[in-house]
Amino acid sequence: MSDATQAMIDACKRHTLFNWSARGGVSPLPIARAEGVWLYQPDGKRILDFNSQLMSVNIGHSHPKVVQAMKDACDGLIYAFPGSATQARADLSTKLAELMPGDLNTFFFTLGGAEANENAVKLARLYTGRHKVLSRYRSYHGATNLCMQMTGDPRRWANEPGSPGFIRVLDPSPYDFSFGENEEEKTANNLRYLREVIEMEGPQTIAAMIIETVTGTNGVLPPPKGYLKGLRALLDEYGILLICDEVMAGWGRTGKLMAFEHGDIVPDIVSMAKGLTSSYIALGAVAMRDPIAKHFDTNVFWGGLTYNSHPISLKTALAVIQVMEDEDLVNRSARMGEVMRGHMERLTAKHACVKTFRSIGMFGMFDLQDADGNLIAGFNGSHAAMKDLGAFFREEGLFTFVRWSHVMSNPPLTISEEDLAWGMDVLDRGFSLVDNAIGR
Ligand SMILES: Cc1ncc(COP(=O)(O)O)c(C=O)c1O
């Protein structure tokens with residue numbers, strides 16, 4: 013590594029904090045530029061982005077049409093206060109209303125996913141006049157205080173206590189505890205349990221339930237058959253709103269534009285971010301159905317952000333959506349998802365260390381096991397072989413997430429079959445190392 017690169021890393025470490033880390037433990041990846049599915053280090057080494065960064069650069073890096081649109085955006089109106097009407101605001105909201113299923117026709121723009129979820133809850137509380145929120149343990153909803161309380165995963169622990177009224181429930185498919193033998197049974201039993209929780213909490217106190225439609229970081233867990241429809245019906249019975257967090261699962265990742273389309277439902281509120289601009293710039297949005305929007309015709313929406321409807325962000329989103337349409341990326345995700353699934357099946361059959369995998373569209377995760385068939389690192393744990401695996405990927409030029417017992421496979425929706433196979437070959441060789449480490 014050159015002196016200049018080392019100096020850059022040192023400055024980043026000395027003067028900034030990194031997400032979810034103690035400073036002494038971070039070893040940031042130096043990146044100079046990125047193009048398509050490849051990241052380039054300052055010394056020119058290229059790295060395959062097998063996780064779309066934070067499962068968010070869905071159209072690949074530096075798409076020339078979006079880069080040009082962003083440059084053009086700077087020639088016009090760069091900023092206008094959120095009380096303004098702008099062409100970008102008119103164009104993007106109209107486009108989103110066309111694209112979103114059902115009567116999800118009104119939007120509030122934010123800077124990212126956590127702010128979208130914050131405002132989703134605010135809308136639900138103001139609309140229903142109730143305050144409690146249900147969420148699931150295997151979930152992540154963002155790092156702000158309210159979102160941390162809805163988040164089920166261990167990132168919540170150090171952020172407790174939060175404000176009261178956040179009730180977390182078990183997912184329909186926890187790993188080590190099953191609600192049933194098959195999908196229908198799991199759905200029925202989980203919804204029976206959920207009904208009991210609702211009754212015990214007092215349905216008249218619950219504004220909304222928020223779910224990651226397909227749980228992301230905590231397992232790539234698509235809902236079992238009938239769950240989304242059953243959940244929708246159950247919450248409707250009690251006048252509880254359904255918020256689908258599509259921050260990670262939305263924008264083509266699962267092979268549909270929005271993951272809730274797999275379940276043939278329309279949520280009351282949808283939060284989105286990441287893929288909305290392919291992360292080229294900060295933008296999130298909350299979509300709401302007509303009756304909720306109508307409520308705010310005569311009732312004040314008690315929320316606001318300096319960067320609500322930032323023109324450059326909105327123009328970037330329009331350009332990204334245009335690319336997604338021109339290149340048919342949602343259908344491509346479904347098609348390439350089958351190719352990716354084939355690789356994942358092959359590696360699971362080949363390697364003793366791979367316990368199982370899940371994938372939907374270009375959203376995939378392997379679970380690794382020890383010689384006894386237990387998850388190699390357990391819940392919230394670590395294992396030397398997983399650390400070595402992460403180091404191997406880095407050495408070989410593959411960027412993906414290795415977390416607890418899991419290895420993620422979430423490349424950009426634009427990846428070619430050749431690059432996908434290249435990445436899977438690195439995983440293949442990495443899994444052989446873990447096979448050796450567990451002695452099988
Ligand atoms: C499902 C989900 N919701 C919310 C968030 C928070 O989004 P942001 O980091 O943009 O605030 C994330 C981020 O990873 C996410 O995956």
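Counting along the sequence shown from 1, when you hit position 436 you're at 448 in the numbering used here, and nothing is skipped either side. All residues carry an ideal CB built from backbone N, CA and C; glycine is no exception.
The beta carbon of Glu213 lies closer than 7 Å to those of Lys144, Ile179 in the same chain, with the five residues before and after it left out. Within the model, the alpha-carbon separation for Leu108 versus Ala364 is close to 45 Å. Close CB contacts of Phe404 within its chain, under the 7 Å cut and outside five residues either way in sequence, are with Gly442, Leu445 (chain order). In this structure Met336 is in contact with Gly264, their Cβ atoms being roughly 6 Å apart against a cut-off of 8 Å. For Gly72, there is no enclosing alpha helix (DSSP H), as DSSP marks it with neither H nor E. Sequence-distant partners of Ala81 (beyond 5 residues in either direction) whose C-beta falls short of 7 Å from its own C-beta, in its chain, are Lys327, Thr328, Ala331. For the alpha helix (DSSP H) assignment, the uninterrupted runs of no fewer than 4 residues enclosed by the segment 283-319 are, from N- to C-terminal side, 302-310. DSSP places Asn63 outside both helix and strand once states are collapsed to three, so it counts as coil. A distance criterion of 8 Å places the beta-carbon of Met221 beyond contact range of ligand 1, judged by its closest non-hydrogen atom. The residues Val49, Trp50, Gly409, Leu410, Phe411, Asp431, Trp434, Gly435, in chain order, have a CB closer than 7 Å to that of Leu60 in the same chain once the five nearest residues on each side in sequence are set aside. The C-alpha of Arg301 lies about 43 Å from the C-alpha of Ile388. The beta carbon of Tyr52 lies closer than 8 Å to those of Ile43, Ala44, Arg45, Ala46, Arg58, Ile59 in the same chain, with the five residues before and after it left out.
The beta carbon of Phe413 sits closer than 6 Å to those of Asn63, Met420, all from its chain and outside the five residues before and after it, given in chain order. Contact between Pro94 and Asn392 is ruled out by a C-beta separation of about 40 Å, above the 8 Å threshold.
The C-beta distance from Ser345 to Gly267 rounds to 5 Å, short enough to meet the 8 Å contact threshold. Note on geometry: alpha-carbon atoms of Asp447 and Ala136 lie some 49 Å from one another. Per the DSSP secondary-structure output, Leu51 pairs in a beta bridge with Ala46, Ile59. Assignment of Ser371 by DSSP, reduced to helix, strand and coil, places it in the strand class.
Pro235 is positioned such that its CB atom lies no closer than 9 Å to that of Pro279.
Apart from sequence neighbours up to five positions away, the residues of its chain that approach Gly125 with a beta-carbon distance below 7 Å are Gly154, Val259, Ser283, Ala285, Lys286, Gly296, ordered along the chain. Taking the C-beta atoms as reference points, Leu269 is found no nearer than 9 Å to Leu254. Not one heavy atom of ligand 1 falls within 8 Å of the beta-carbon of Val298. With respect to the 9 Å criterion, Met374 and Leu425 are classified as neighbours on the basis of their beta carbons. Within the same chain, Leu246 come within 8 Å of Arg207 by CB-CB distance, once the 5 residues on both sides are set aside.
DSSP places Thr118 inside the beta strand (DSSP E), whose first and last residues are 116-122. For Cys256, the beta-bridge partners assigned by DSSP are Ile223, Val282. Within the same chain, and ignoring the five residues on either side of Pro215 in sequence, the residues whose Cβ sits closer than 6 Å to its Cβ are Tyr250.
The C-alpha of Arg370 is placed about 7 Å away from the C-alpha of Val232.
Taking a 10 Å sphere around the C-beta of Cys86, we find fewer than 16 other C-beta atoms and assign the residue as exposed.
Of the other Cβ atoms in all chains shown, fewer than 16 fall within 10 Å of the Cβ of Ala361; this residue is therefore exposed.
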